[in-house]
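Heads up: the sequence shown begins at 0 in numbering that gives the first Met the number 0, then just goes up one per residue.
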Amino acid sequence: MTYRSLLVLLDNSATCAARTHVAMRLARERDCHLVGLAPTGLIDIPAATEKTPALANYAALAWGALRDQAEWATDRFRKECRAAGLRSFEAVVDESDKAASVVRHAHCSDLVVMSQAAGDAEHRADQAMLEQVILQSARPTLVVPRANHLPPVGWTALVAWNDSREAARALGDALPILVHSSTVELVQWKDVAAGEDAALRSRLDAAQRWLMWHGVACDVNVEATALPLAGAILSRATDLRADLVVMGAFGRSRWAERVLGGATRSMLTETTLPVLMSH
């Protein structure tokens, strides 16, 4: 099992270089195709624009600026791919909503590479887009932290396990990375006040056997913690010196809106290392 096509979001943000570098490195290591997607995004145009020359002119200028930014991002991407020696890549400009564009193109990719959003009011739209892609895409998302310099992804991987559909999906989606990892640890956390649970350990052992059938050797552990789940995961990742966390992304319904669960959202805002998530 391997990735054959990766998708990375292109824009003019400060985090684009780091995620593009991670995507190119994965593509080079796995000898797979890399697609750089530059959605223009949409502008809010009043319905009466065509009757107001000034507004029509503004709309044309705004669209032109968005298109120019996307073209600039794809030109830079092509140059970087050639410099990195990638054998197969392409760049796409898509004149549509950013989140919808990524979700649509992800359906014909094996893995989507995006960035952690900055945790301030100015970047709420970036956080909302990331959450929408994770929840609506049929493919896993690799979230690259805001750090500028990252080690190779996946040599030491921590898998956060809870025997859920989401966790199982993430584990399967991460296999193309885990088969190349030197260290993999599968951990399930329980409340510090909880007693021994033989059934829990049995399910962990079953997941370990499944990984072994796919050529992945791993250690399994049950850890008691009083920390919130995201804090417990990141604490163990630090102890392990992990360069990747694999976990399910949990969503819940709030009226008609799909939103991420608290632990998943906390991981997205607090992580300092790449996280592969599947919903």
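Built from N, CA and C at the ideal position, the CB exists for glycine as well.
Closest in alpha carbon position to glutamate 165, among Met276, His32, Ala37 and Ala13, is Met276.
Membership of aspartate 109 in any beta strand (DSSP E) is not indicated, and neither H nor E is assigned to it by DSSP. Straight through space, the alpha carbons of glycine 63 and asparagine 56 are spaced by roughly 11 Å. Distance check between histidine 104 and each of Glu184, Gly35 and Cys80 places Gly35 closest, using alpha-carbon atoms only. The beta carbon of leucine 85 lies closer than 7 Å to those of Met23, Ala26, Arg27 and Leu33 in the same chain, with the five residues before and after it left out. Around the beta-carbon of isoleucine 133, 16 or more other beta-carbon atoms lie within 10 Å, marking it buried. By the neighbour-count criterion, in which 16 or more other beta carbons inside 10 Å mark a residue as buried, aspartate 172 falls on the buried side. Counting C-beta atoms within 10 angstroms of its own C-beta, lysine 97 has 16 or more neighbours from the protein chains shown and is therefore classed as buried. The beta carbon of isoleucine 176 sits closer than 6 Å to those of Gly153, all from its chain and outside the five residues before and after it, given in chain order.
Per DSSP, the continuous beta strand (DSSP E) segment holding glycine 247 begins and ends at 243–247. Taken through DSSP and simplified to helix, strand or coil, glutamine 187 comes out as strand. By the beta-carbon neighbour count (other beta carbons within 10 angstroms, threshold 16), leucine 110 is buried.
Between valine 92 and valine 219, the alpha-carbon positions lie close to 44 Å from each other. Straight across, the Cα-Cα distance linking alanine 117 with threonine 14 is about 9 Å. The alpha-carbon of alanine 225 is positioned some 30 Å away from that of leucine 149.
Distances from the CA of tryptophan 160 to each of Leu5, Ser201 and Asp67 were compared; the closest alpha carbon is that of Ser201.
Taking the Cα positions, leucine 185 is about 27 Å away from glutamine 131. According to the DSSP secondary-structure assignment, leucine 6 is paired through a beta bridge with Val34 and Val111.
Non-local C-beta neighbours of alanine 236 in its own chain, meaning closer than 8 Å and more than five positions away in sequence, comprise Leu157, Val244 and Leu272, ordered along the chain. DSSP lists Glu184 and Val244 as the bridge partner or partners of leucine 157. Judged by their CB atoms, glutamine 115 and arginine 81 are not nearer to each other than the 8 Å cut-off. Alanine 117 carries a coil assignment under DSSP once its states are collapsed to helix, strand and coil.
A Cβ-Cβ contact shorter than 8 Å links threonine 270 with leucine 233. Between lysine 78 and the set Ala137, Val102, Ile42 and Ala16, the nearest pair of CA atoms involves Ala16. According to the DSSP assignment, glutamate 28 belongs to the alpha helix (DSSP H) that extends over 15–29.
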